[in-house]
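Residue numbering for the sequence shown follows our numbering, starting at 596 and increasing by one per position. Every residue gets a Cβ at the ideal spot worked out from N, C-alpha and C, and that includes glycine. Being a predicted model, the structure only gives us computed values, none of them experimental. Beneath this line is the structure, given in structure tokens, with notes to follow.
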Amino acid sequence: MTTLLRHIATAACLALLSTGCEEDDRYLRADPSSVEIAADSTSDIAVTVESSSRWLADPASAPEWLSLSYDDALSLLWLRLAGTNESLEERRAEILLISGDGLELTVPVVQRAMDVFFEVSPHELTIFGARNAATQTLTIDTPLEWEFSILEGGEWAKATREENTNTLDITTDATHMLEERRTAIALRPVNDAFRELADTVAVVQRGLDLLAQSTLMNPTTFEIELPAEGGDAPISVYAKGDWTAATDSPDLTLDLAGGGADIENGTLLTLTAGPNPTPESRTFTLTFTCEGESYEYTITQKAPEEQQEPAPEP
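Now the structure itself:
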């Protein structure tokens, strides 16, 4: 209602200014007839208005980001910007000019959207080797400040950014699983106005082609521990393809030299060692080969316990 009343008041005021021009002689022109403004501009824009009678611009047609003023001597309408357009959407207005002899003219005004970009490369899945802790790098091409986070479930992946760089180094821990594991890294501009540019990069770590498990395996180091007196160690071998097995010492023997693919039930392999003849623990290497990859497991045999001499009789 307020805008309507202001419009009526403006028209009434201009009617009083009418010079009584003949209808065919009336004119109302603006130069430029439309205005386009850069997103980062804060400069005032002058619009030259030519009219057959006195004219005014309807203040209700100006949005909050644009104000109007006049220079009567030069017949100028000044468009004054409140600030830059720091958004991804252009701003539009239609300034209504009204002459005293009943003409109306609309001057479209457009302030372009901020020309920003946020491009992450590579954008496709980042694939890591199963036992590989190598680093891969993401490049973020943007003039904006940005931040990142690893999504829930990605504790096995680490992301590091050096100060004042637009790169992100991603490293994964070695896996001890046959199944691949997945997580994602979310990257986003710090400024909430540009959050729609946020991107997500999937990180996939391939699973092992072969996994050996044993009841004698240390769950932390994944070493197989044998007693000093020797004996058998049952090993279940889960493989995605044909595999072979070998040791680096004749003191450590295997009942199988290889097997076929089986990730459901696995193949039972028995490893046998004799007594440890040395006073200290000794180590061996058990090597599996599957799908062109070698998988080494450390076998540790404990040292013999020192025999305590019986106490002399009193």
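Which full runs of the alpha helix (DSSP H) of 4+ residues lie inside the stretch 781-833, going along the chain? none
Which of the three DSSP states, helix, strand or coil, is assigned to Ser656? Taking the first residue of the sequence shown as 1, we reach residue 656 at position 61. Residue state, collapsed to three classes: helix.
Where does Leu851 fall in DSSP's three states? Looking up residue 851 in the sequence shown gives position 256. DSSP places Leu851 in coil when its eight states are reduced to three.
In DSSP terms, what Ser889 is bridged to: On the sequence shown, position 294 is the one that residue 889 refers to. In the DSSP output, where bridge partners are listed per residue, Ser889 has Thr884.
Limits of the beta strand (DSSP E) - the one that Tyr911 falls within: Residue numbering for the chain in the displayed model covers 596 to 909; residue 911 lies beyond these limits and cannot be assessed.
What's the call for Met772, buried or exposed, on a 16-neighbour Cβ count within 10 Å? Mapped onto the sequence shown, residue 772 falls at position 177. Under this definition Met772 is an exposed residue.
Express the C-alpha separation of Leu782 and Glu758 in angstroms, rounding to a whole number. Your numbering for residue 758 matches position 163 in the sequence shown. Your numbering for residue 782 matches position 187 in the sequence shown. One C-alpha to the other measures close to 16 Å.
Can you tell me whether Leu698 is helix, strand or coil according to DSSP? Start at 1 with the first residue of the sequence shown, and residue 698 comes out as number 103. In this structure, Leu698 counts as coil in the three-state DSSP scheme.
I'd like the list of long-range same chain contacts for Leu811, defined as Cβ closer than 6 Å, with 5 residues on each side in sequence excluded. On the sequence shown, position 216 is the one that residue 811 refers to. Answer for Leu811: Ile819, Glu820, Ala828, listed in chain order.
Through-space distance from Pro874 to Ala898, alpha-carbon basis: Taking the sequence shown and counting its residues from 1, the one referred to as residue 898 is at position 303. Taking the sequence shown and counting its residues from 1, the one referred to as residue 874 is at position 279. A direct Cα-Cα distance of roughly 6 Å separates Ala898 from Pro874.
Which partner residues does Asp736 have in the DSSP bridge list? Residue numbering aside, residue 736 sits at position 141 when the sequence shown is read from its first letter. BP columns for Asp736 point to Glu714.
Trp838 - containing beta strand (DSSP E), residue span: Numbered from its first residue, the sequence shown carries residue 838 at position 243. From DSSP, the beta strand (DSSP E) with Trp838 extends over 838-842.
Within a Cβ cutoff of 8 Å, which residues of the same chain sit near Arg790, ignoring the five residues on either side of it in sequence? Numbered from 1 along the sequence shown, position 195 holds the residue referred to as residue 790. Contacts found: Arg783, Pro784.
Going by C-alpha distance, which of Ala852, Ala652, Glu774, Leu792 is nearest Thr884? Against the sequence shown, residue 884 aligns to sequence position 289. The option with the nearest alpha carbon to Thr884 is Ala852.
Please identify the residue among Leu864, Thr842, Asn871 whose C-alpha is closest to the C-alpha of Thr893. Within the sequence shown, residue 893 is the residue found at index 298, counting from 1. Thr893 has its Cα closest to that of Thr842, out of Leu864, Thr842, Asn871.
Closest by CA to Thr737, which one among Thr760, Thr730, Gln731, Asn860? One-based indexing of the sequence shown puts residue 737 at position 142. Checked all of Thr760, Thr730, Gln731, Asn860; the closest Cα to Thr737 is Thr760.
Between which two residues does the beta strand (DSSP E) carrying Arg624 extend? The residue you call residue 624 lines up with position 29 of the sequence shown. Element bounds for Arg624: 623-626.
Taking C-beta to C-beta, are Leu866 and Leu847 nearer than 8 Å? Here residue 866 corresponds to residue number 271 of the sequence shown, with the count starting at 1. Here residue 847 corresponds to residue number 252 of the sequence shown, with the count starting at 1. If you check the CB distance, Leu866 and Leu847 come in under 8 Å.
Would you check if there are 3 or more beta carbon pairs closer than 8 Å linking the stretch 717-725 to the stretch 680-695? no
Beta-bridge pairing of Lys897 - partner residues as DSSP gives them: As a first step, residue 897 must be located in the sequence shown, where it is residue number 302. Paired residue(s): none; Lys897 is not in a bridge.
Given 8 Å, three or more beta-carbon pairs between the stretch 702-718 and the stretch 671-682: yes
Cβ pair Asp666, Val715 closer than 8 Å: Along the sequence shown, one-based indexing puts residue 666 at 71. Along the sequence shown, one-based indexing puts residue 715 at 120. Their beta carbons are not under 8 Å apart, which means Asp666 does not touch Val715 by this criterion.
Helix, strand or coil at Leu671 according to DSSP, with G and I counted as helix: The residue you call residue 671 lines up with position 76 of the sequence shown. Three-state DSSP puts Leu671 in a strand.
6 Å Cβ shell around Leu806 - same chain, five flanking residues per side excluded: Numbered from its first residue, the sequence shown carries residue 806 at position 211. Only Leu773, Tyr833 meet the Cβ criterion.
Alpha carbon to alpha carbon, how far is Asp857 from Asp837? Give it in angstroms, no decimals. Counting from one through the sequence shown, the residue named residue 837 turns up at place 242. Counting from one through the sequence shown, the residue named residue 857 turns up at place 262. Rounded to whole angstroms, Asp837 to Asp857 spans 9 Å at the Cα level.
Residues bridged to Trp741 by DSSP? By one-based count along the sequence shown, residue 741 stands at place 146. Pro784, per the DSSP bridge assignment.
N-terminal and C-terminal residue of the beta strand (DSSP E) that Asp764 is part of: For the purposes of this step, residue 764 is identified with residue 169 of the sequence shown, where counting begins at 1. Per DSSP, Asp764 belongs to the beta strand (DSSP E) from 762-767.
Residue environment, Thr880, which counts as buried when at least 16 other CB atoms sit within 10 Å: The residue given as residue 880 occupies position 285 in the sequence shown. By the neighbour-count rule (16 or more Cβ atoms within 10 Å), Thr880 is not buried but exposed.
Compare the Cα-Cα distances from Val711 to each of Trp741, Pro703, Leu698, Arg687 and report the closest residue. By 1-based counting over the sequence shown, the position of residue 711 is 116. The candidate whose alpha carbon is nearest that of Val711 is Trp741.
Check the C-beta distance from Leu746 over to Ala779 and give it rounded, since I have them as a contact under 8 Å. Reading the sequence shown from its first residue, position 151 is the one you call residue 746. Reading the sequence shown from its first residue, position 184 is the one you call residue 779. Going by Cβ atoms, the distance from Leu746 to Ala779 rounds to 5 Å, so yes, they are a contact pair.
Using the Cβ count rule (16 or more neighbours within 10 Å means buried), how would you classify Ala625? Translated into the one-based positions of the sequence shown, residue 625 becomes position 30. Its Cβ being crowded by 16 or more others within 10 Å, Ala625 is buried.
By how many angstroms is the C-alpha of Asn813 removed from the C-alpha of Arg777? Reading the sequence shown from its first residue, position 182 is the one you call residue 777. Reading the sequence shown from its first residue, position 218 is the one you call residue 813. Cα to Cα, Arg777 sits roughly 26 Å from Asn813.
Based on the DSSP output, what are the partners of Leu746 in its beta bridges? Along the sequence shown, read from residue 1 onward, the residue named residue 746 stands at position 151. Paired residues: none, contrary to the question.
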